[in-house]
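Visitor: Sharing a structure below in structure tokens format, with a few things to ask.
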Amino acid sequence: MSDDAAVLFANDAFYTAIAGRDFAAMERLWSERPAVSCIHPGWPPIASRQEVMESWHAILTGQHAPEIVWRNARAYLLGETAYVICYEILKGTTLVATNVFVREAGQWRMAHHQAGAAPPVSLPDDKPARLQ
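Shown next as structure tokens:
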């Protein structure tokens, strides 16, 4: 599998874990490094692996875990680091997200996730994401 395909696969695994409320899968996706971070919509920045995992545990095991659809993912490779920009659709609201990945032991692992409000956008049916 090419690096761009592997990064997009990791990105899909992240959203599949959210959609499936699968905390164990979410925990495996994140970098083991302590310096990971996350900014959930409407939350303050979270800047440690332990706190990031606690936030995902609360979200995925809570009564109101998000129903999420992701679209138009595009991967950008920077050596041993990569990022994906995509859209998230939650309860009819469109957000734009940036997901940063680092290569650890041959696997692309998440180091940062941030999602926030997007300007109005018309999203076509998802097409295969491509490396930019």
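Residues in the sequence shown are numbered from 13 upward in steps of one, following the working numbering. We put the beta carbon where it would ideally sit given N, CA and C, even for glycine.
(1) Pick out whichever of G32, W42 and R33 has its Cα sitting closest to the Cα of A22.
(2) State the CB to CB distance for the pair L72 and M38, rounded to an integer number of angstroms; the pair is presumed to be in contact (CB under 8 Å).
(3) Counting only runs that start and end within the region 13 to 41, where is the alpha helix (DSSP H) found for 4 or more residues in a row?
(4) How is the alpha helix (DSSP H) around E66 delimited, first residue to last?
(5) Measuring alpha carbon to alpha carbon, tell me which of S60, H69, I80 and R86 ends up nearest L20.
(6) Assuming V7 contacts G128 (C-beta within less than 8 Å), just tell me the rounded distance between them.
(7) From this set, G104, L90, A130 and P131, which residue's C-alpha is nearest V112's C-alpha?
(8) Starting from G128, follow its DSSP beta bridges and name the residues at the other end.
(9) By a C-beta neighbour count over all protein chains shown, 10 Å radius and 16 as the cutoff for buried, is R40 buried or exposed?
Guide: Per the coordinate set shown:
(1) Out of G32, W42 and R33, W42 has the C-alpha closest to the C-alpha of A22.
(2) About 6 Å separates the two Cβ atoms, so the contact holds.
(3) Counting only unbroken stretches of 4 or more residues, the alpha helix (DSSP H) elements lying wholly within the region 13 to 41 are 15 to 31 and 35 to 41, in sequence order.
(4) Where E66 is concerned, the enclosing alpha helix (DSSP H) starts and stops at R61 to T73.
(5) In terms of Cα proximity to L20, the closest of S60, H69, I80 and R86 is R86.
(6) With the chain covering only 13 through 144, there is no way to say anything about residue 7.
(7) Per the Cα distances, L90.
(8) DSSP lists V108 as partners of G128.
(9) With fewer than 16 other Cβ atoms within 10 Å, it is exposed.
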